[in-house]
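Visitor: Quick one: this structure, given as structure tokens, is what I'll be asking you about.
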Amino acid sequence: MNEVFNIIAKRRSIRKYQDKPVERDKIIRIIEAARLAPSASNGQPWRFIVVSDKQLLLKIVKETLGIINQWAASAPVIIVGCSVRKNIITHYLGEVISGIKYHILDMGIALEHLVLEAEELELSTCWVGWFNERKIKRILNIPSLWRVISLITVGYKDPDFIPRTRRRYPLEKILIYKQ
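Take 375 as the starting number for the sequence shown in the working numbering and just add one per residue.
Structure, rendered in structure tokens:
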């Protein structure tokens, strides 16, 4: 197996972090990995807001809709992944024709690049998709035309945290060959 596959196989969603800051060069590196992602018509709709100020981070966590995401307060960093729909053909006309929201698809690709590079750098991450976008935009003064697509917690895994067992369908259930 190659290194990329091993990183993919190893990565888990981590919901408890050490009280240890994440080095700025590592943050830059994971954002750089996201920046290198492909996007529809090379639109590159992504914008990333890195939040490490604890008071601001706690305000964001408060808007993650529910008690189940309060664990996110232990993360030293939250990256707010935003998209900007700026390519008229791809992000508007293409969406009408195909029904696919390419800016969201593009953000998913970029954010997955980000979490895989974080794993390579021995950082842990977790996607948070359940949040009040309007309130987070207000807290961070995010422009009205931007969409908050996902929050990603980033930090060093608490050694006492044991991630859930990963359950995946067998390959035979998800793979269809047409020959």
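From the three backbone atoms N, C-alpha and C, an ideal C-beta is built for every residue, glycine too.
1. Let me confirm a value: A408 is counted as buried when at least 16 other C-beta atoms fall within 10 Å, else exposed. Which label applies?
2. Considering Cα atoms alone, identify which of V451, A414, R421 and P419 is closest to L432.
3. Going by beta-carbon coordinates alone, are N506 and E437 separated by less than 8 angstroms?
4. Pick from P517, V502, L495 and S415: whose alpha carbon is nearest that of R508?
5. From what residue to what residue does the beta strand (DSSP E) around S472 run?
6. If contact is defined by three or more beta carbon pairs under 8 angstroms, each pair taking one atom from either stretch, is the segment 534-551 in contact with the segment 465-477?
7. Is N443 buried or exposed, if buried means 16 or more other CB atoms sit within 10 Å of its CB?
8. Could you work out which residue in Q418, R389 and V396 is closest to R459 when comparing CA atoms only?
9. State the Cα-Cα distance for the pair I548 and E486, rounded to the nearest angstrom.
10. Quick check on DSSP: helix, strand or coil for I536?
11. Determine the burial state of G529: buried for a count of at least 16 other Cβ atoms within 10 Å of its Cβ, exposed for fewer.
12. Do you know offhand how far E493's Cα is from T499's?
13. For the segment 483-543, list the alpha helix (DSSP H) runs that are entirely contained and at least 4 residues long, ordered along the chain.
14. Ignore the nearest five residues each way along the sequence and tell me which others in I483's own chain have a CB closer than 6 angstroms to its CB.
15. Assuming the contact rule is C-beta atoms closer than 8 angstroms, M481 and I513 should be a hit. Round their C-beta distance to whole Å, please.
16. Report the three-state DSSP secondary structure of Y396 (helix, strand or coil).
17. F422 bridges to which residues according to DSSP?
Guide: In short, the structure shows the following:
1. Locating residue 408 in the sequence shown gives position 34, counting from the first residue. With 16 or more other Cβ atoms within 10 Å, it is buried.
2. Here residue 432 corresponds to residue number 58 of the sequence shown, with the count starting at 1. Checking every option, the nearest Cα to that of L432 belongs to V451.
3. Along the sequence shown, read from residue 1 onward, the residue named residue 506 stands at position 132. Along the sequence shown, read from residue 1 onward, the residue named residue 437 stands at position 63. Contact flag set, yes.
4. As a first step, residue 508 must be located in the sequence shown, where it is residue number 134. The candidate whose alpha carbon is nearest that of R508 is P517.
5. Mapped onto the sequence shown, residue 472 falls at position 98. From DSSP, S472 is part of no beta strand (DSSP E) but of the alpha helix (DSSP H) over G468 to S472.
6. Contact between the segment 465-477 and the segment 534-551 is absent, because fewer than three Cβ pairs lie under 8 angstroms.
7. Position 69 of the sequence shown, counted from the first residue, corresponds to residue 443. Looking at its Cβ environment, which holds 16 or more other Cβ atoms inside 10 Å, N443 is buried.
8. Residue mapping note: residue 459 aligns to position 85 of the sequence shown, counting from 1. Nearest C-alpha to R459: Q418.
9. Working through the sequence shown from its first residue, we reach residue 548 at position 174. Working through the sequence shown from its first residue, we reach residue 486 at position 112. So the alpha carbons of these two residues sit roughly 20 angstroms apart.
10. Residue mapping note: residue 536 aligns to position 162 of the sequence shown, counting from 1. Reduced to three states, the DSSP call for I536 is coil.
11. One-based indexing of the sequence shown puts residue 529 at position 155. By the neighbour-count rule (16 or more Cβ atoms within 10 Å), G529 is buried.
12. What you label residue 493 is simply residue 119 of the sequence shown in a count that begins at 1. What you label residue 499 is simply residue 125 of the sequence shown in a count that begins at 1. For E493 and T499, the distance between alpha carbons rounds to 8 angstroms.
13. Annotation: the segment 483-543 contains the following complete segments of the alpha helix (DSSP H) (minimum length 4 residues), in chain order: 507-514.
14. As a first step, residue 483 must be located in the sequence shown, where it is residue number 109. Beyond the five residues adjoining it in sequence on each side, I483 comes within less than 6 angstroms, by CB distance, of A411 in the same chain, given in chain order.
15. Position 107 of the sequence shown, counted from the start, is the residue given in the question as residue 481. Position 139 of the sequence shown, counted from the start, is the residue given in the question as residue 513. About 20 angstroms separates the CB atoms of M481 and I513; that is not less than 8 angstroms, and the two are not in contact.
16. Translated into positions along the sequence shown, residue 396 becomes position 22. Checking the displayed sequence, the identity of residue 396 turns out to be Val instead of Tyr. Shown here, V396 sits in coil according to DSSP, grouped into three states, outside any helix or strand.
17. Against the sequence shown, residue 422 aligns to sequence position 48. For F422, which the question treats as bridged, DSSP gives the partners G455.
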